[in-house]
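Report on the structure given below.
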Amino acid sequence: MSKILEEIDEPRSEMSPSSPKYIMLKIPLDKIGAVIGTGGKVIKNIIEETGTEIDIQDDGSVYIYSTDTESAEKAKKMIEDITIEFEIKMRIPTNKIGEVIGTRGSTIKNIQESTNSNINVNDDGTLYIKSNNEENLLKAQKIIKDIVGEFGSDSVKDVKMGEEYTGTVVNTTSFGAFVEILPGVEGLLHISKLSDERVDRVEDIVKVGDTVKVIVIEKSFSGKINLDSPEIRGKTGKH
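In this note's numbering, the protein residues as written are 2 to 240.
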């Protein structure tokens, strides 16, 4: 048993014959503390809510024991919701790095706190945003684009709902691909729009630099654009 688990009640050393279901998953080492929580509060809540037994080892191995598969899967999802991490890679003009960071890091710190994300900026303008929440990730990206002047341009006003565009994939993430449909205007082609069948990796379907035909299916007041691609789905699965 991990020393970390000393903070929570020790689970039974043996499972009863009526508890044959178990799931094993691996979590990042730096997420173990988040799953356990202060004084074991988080893991206790998961155990109580799902009626499962959970062992966490120092190497990040997590063992979930339950009397039924549904409860075990629920516990797994609760843990994955804590540990999953989305990432966006983008590039900003080098002369805008100072504005994004702000005086003594005040601007970037505010973005991170307001979106619950982690942001790293390199000297060449490459910027990485990480978060365990997709909505917060996109919110942080929009704030940064507002600062560097790449989002909310007049070109966005030219985008029409239901219209087809031939665009270029400029970035891929775990949840979809960003496609530039007009100069400086990007839309999200969600992973669920890439195929009618399950897609494990966006890069299995599209890659940065690919030319794709997309249709605008949503355009919010803030300028967020969502795309669909019947052409891609037609090539990757049943349509």
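We put the beta carbon where it would ideally sit given N, CA and C, even for glycine. Every value quoted in this text rests on a predicted model; they were computed, and no experiment measured them.
- Judged by DSSP secondary structure, L195 falls outside any beta strand (DSSP E); it is assigned neither H nor E.
- Put simply, the backbone Cα of E49 is about 44 Å away from that of G103.
- The three-state secondary structure of M25, taken from DSSP, is strand.
- For I102, the enclosing alpha helix (DSSP H) has its first and last residue at 98 to 102.
- Less than 9 Å divides the Cβ of V36 from the Cβ of I83.
- Within 10 angstroms of the beta-carbon of L189 lie 16 or more other beta-carbons, which makes it buried.
- By the 16-neighbour rule on beta-carbons within 10 angstroms, S67 is buried.
- Annotation for K220: the continuous beta strand (DSSP E) segment containing it runs 212 to 220.
- The residue among E100, I192, I109 with its C-alpha nearest the C-alpha of I130 is I109.
- Here K78 is exposed, its C-beta having fewer than 16 other C-beta atoms within 10 Å.
- Comparing alpha carbon positions, the residue from K27, T173, V160 closest to I182 is V160.
- DSSP links T173 through a beta bridge to A178.
- Annotation: G34 to E88 spans about 21 Å, alpha carbon to alpha carbon.
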